[in-house]
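The structure appears right after this line, and notes come after that.
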Ligand SMILES: NC(=O)c1ccc[n+]([C@@H]2O[C@H](COP(=O)([O-])OP(=O)(O)OC[C@H]3O[C@@H](n4cnc5c(N)ncnc54)[C@H](O)[C@@H]3O)[C@@H](O)[C@H]2O)c1
């Protein structure tokens, strides 16, 4: 199937690990040139290297996306080499800190306000900053795909993740509004909503990709606390998210906009 990604330039924020890394690799495998953004230089370089070693095209882009003017200046330099961004994946996001093996996140009223800002800055301002910078060029060229990685927490609200739920809900509302504004310019704006992801992140909730309800007591506890039972009985894999992003970034999804696609194994059914 031709997904028509050859010659496209994709900016993936937070592409240095976890879900972002998988998205970078998946889009690259279909021929897109990837601008691998991360705040951590070694991560950007490692993912770019993996892609080029696999025969793809990638440029590392070390930048803090919460800083609008720095992002604008530095992305302009990168796109001089790569060409303008055709696909923006707003992936960088912070999940409230949890200790592996425990379900010990604070209630909102116990949470220090210094964490509120961090969570809103990265999840919401990060996405707004990127859209404000790449949007005008997409509008001029009358083409573009904007995909934001959100969380089911932003759609259903999750206890002990109140600020994060709010920040992701903000991204969802923002994306729908932007989909209406940019639709007339042939730009698709969509979201992928994930439930708990298993990957190598030191701050992600779960690190055992192989965890299933049969083998993992912590997972069993968490899934039991979910509102609708156990669904497919495993955690989300980064590749699950990457496949959904690939579809939404392709011309196969040309008539889909303003939608939030749940990639959640049955955790939430909208
Ligand atoms: N992990 C989960 O269980 C889960 C569940 C639902 C949704 N999500 C969402 O999926 C997305 C990816 O999550 P993940 O678990 O892969 O995250 P992660 O923490 O593993 O990776 C995020 C990457 O973003 C980078 N980053 C952090 N701040 C940055 C900044 N200011 N500028 C640029 N890069 C920055 C980090 O260095 C890191 O490499 C996020 O939007 C997250 O909210 C994750």
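Residue numbers (the numbering used here): 27 to 296.
Ideal placement from N, C-alpha and C gives every residue a C-beta, glycine not left out.
These numbers were taken from a predicted model, which means no experiment stands behind them.
Review point. Is residue 288 near ligand 1, going by C-beta to nearest heavy atom under 7 Å?
Key: Taking the first residue of the chain shown as 1, we reach residue 288 at position 262. Not one heavy atom of ligand 1 lies closer than 7 Å to the C-beta of residue 288.
Exercise for review: Below 8 Å on the Cβ atoms is my guess for residue 337 versus residue 185; work out the distance and round it to an integer in Å.
Suggested key: Here the chain covers residues 27 to 296 and nothing more, so residue 337 does not appear.
Point to revise | Option nearest residue 163 by Cα separation, candidates 78, 112, 275 | key: What you label residue 163 is simply residue 137 of the chain shown in a count that begins at 1. Checked all of 78, 112, 275; the closest Cα to residue 163 is 112.
Exercise for review: Identify, in the order they occur along the chain, each residue of the same chain with its Cβ nearer than 6 Å to the Cβ of residue 98, setting aside the five sequence neighbours on each side.
Suggested key: As a first step, residue 98 must be located in the chain shown, where it is residue number 72. In chain order, 159 place their CB closer than 6 Å to the CB of residue 98, counting only its own chain and leaving out the 5 sequence neighbours on each side.
Point to revise | residue 155 Cβ short of 7 Å to ligand 1 heavy atom set | key: Position 129 of the chain shown, counted from the first residue, corresponds to residue 155. Every heavy atom of ligand 1 is 7 Å or more from the Cβ of residue 155, so no.
Exercise for review: Give the DSSP-derived three-state secondary structure of residue 288 in the structure shown.
Suggested key: Here residue 288 is taken as the residue at index 262 of the chain shown, counted from 1. It is a strand residue.
Review point. Whose C-beta lies closer than 6 Å to the C-beta of residue 213 among residues of the same chain, with five residues either side of it excluded?
Key: Residue mapping note: residue 213 aligns to position 187 of the chain shown, counting from 1. Closer than 6 Å at Cβ, skipping near neighbours: 164, 170.
Practice item. Spatial neighbours of residue 29 within its chain, please: CB distance less than 6 Å, with the 5 preceding and 5 following residues excluded, ordered by chain position. Key: Locating residue 29 in the chain shown gives position 3, where the first residue counts as 1. Within the same chain, residue 29 has close Cβ partners 56, 276.
Point to revise | Every unbroken alpha helix (DSSP H) inside the region 36-90 [4 residues or more] | key: The qualifying runs are 44-55, 67-79.
**Study point:** Residue from 39, 43, 259 with nearest C-alpha to residue 61
**Key:** Taking the first residue of the chain shown as 1, we reach residue 61 at position 35. It is 39.
Practice item. Taking only the alpha-carbon atoms, compute the straight-line gap between residue 156 and residue 259 and give it to the nearest angstrom. Key: Taking the first residue of the chain shown as 1, we reach residue 156 at position 130. Taking the first residue of the chain shown as 1, we reach residue 259 at position 233. Taking C-alpha positions only, residue 156 is separated from residue 259 by approximately 35 Å.
Review point. Count the other CB atoms within 10 Å of the CB of residue 69; is the residue buried (16 or more) or exposed (fewer)?
Key: Within the chain shown, numbered from 1, the residue matching residue 69 stands at position 43. By the neighbour-count criterion, in which a residue is buried when 16 or more other Cβ atoms sit within 10 angstroms of its Cβ, residue 69 is buried.
Review point. Can you check whether the CB of residue 218 is closer than 8 Å to the CB of residue 175?
Key: Indexing the chain shown from 1 puts residue 175 at position 149. Indexing the chain shown from 1 puts residue 218 at position 192. With contacts defined as CB atoms closer than 8 Å, residue 175 and residue 218 qualify as a contacting pair.
Exercise for review: Output the boundary residues of the beta strand (DSSP E) element that contains residue 215.
Suggested key: The residue you call residue 215 lines up with position 189 of the chain shown. Note, residue 215: beta strand (DSSP E), 213-220.
Check your understanding: To the nearest angstrom, how far is it from the Cα of residue 267 to the Cα of residue 177?
Key -> Stepping through the chain shown from its first residue, residue 267 is reached at position 241. Stepping through the chain shown from its first residue, residue 177 is reached at position 151. Near 11 Å, if we compare the C-alpha coordinates of residue 177 and residue 267.
Review point. Just to check, is the beta-carbon of residue 53 closer than 7 Å to a non-hydrogen atom of ligand 1?
Key: Numbered from its first residue, the chain shown carries residue 53 at position 27. No, ligand 1 has no heavy atom inside 7 Å of this Cβ.
Point to revise | Option nearest residue 93 by Cα separation, candidates 220, 134, 46, 154 | key: On the chain shown, position 67 is the one that residue 93 refers to. Nearest of 220, 134, 46, 154 to residue 93, Cα basis: 154.
**Study point:** Cβ neighbours of residue 65 in the same chain (closer than 6 Å, five flanking residues each side left out)
**Key:** Position 39 of the chain shown holds residue 65. Excluding five sequence positions before and after residue 65, the CB atoms of its chain that fall closer than 6 Å to its own CB belong to 90, given in chain order.
Check your understanding: In angstroms, rounded to a whole number, what distance separates the CA positions of residue 293 and residue 49?
Key -> Counting from 1 along the chain shown, the entry for residue 293 is found at position 267. Counting from 1 along the chain shown, the entry for residue 49 is found at position 23. The straight-line gap from Cα to Cα measures roughly 22 Å.
**Study point:** Within 8 Å, strictly: CB atoms of residue 31 and residue 58
**Key:** Within the chain shown, numbered from 1, the residue matching residue 31 stands at position 5. Within the chain shown, numbered from 1, the residue matching residue 58 stands at position 32. Their beta carbons are under 8 Å apart, which means residue 31 touches residue 58 by this criterion.
Check your understanding: What does residue 116 pair with, by DSSP beta-bridge criteria?
Key -> Counted from its first residue, the chain shown places residue 116 at position 90. Per DSSP, 174.
Exercise for review: Could you tell me how far apart the beta carbons of residue 131 and residue 187 are, in whole angstroms, since I believe they sit closer than 8 Å?
Suggested key: Here residue 131 refers to the residue found at position 105 when the chain shown is read from its first residue. Here residue 187 refers to the residue found at position 161 when the chain shown is read from its first residue. With a Cβ gap of about 7 Å, residue 131 and residue 187 count as contacting.
Review point. Mind checking whether the beta-carbon of residue 173 lies closer than 7 Å to any heavy atom of ligand 1?
Key: Along the chain shown, one-based indexing puts residue 173 at 147. Relative to ligand 1, the beta carbon of residue 173 is positioned no closer than 7 Å to any heavy atom.
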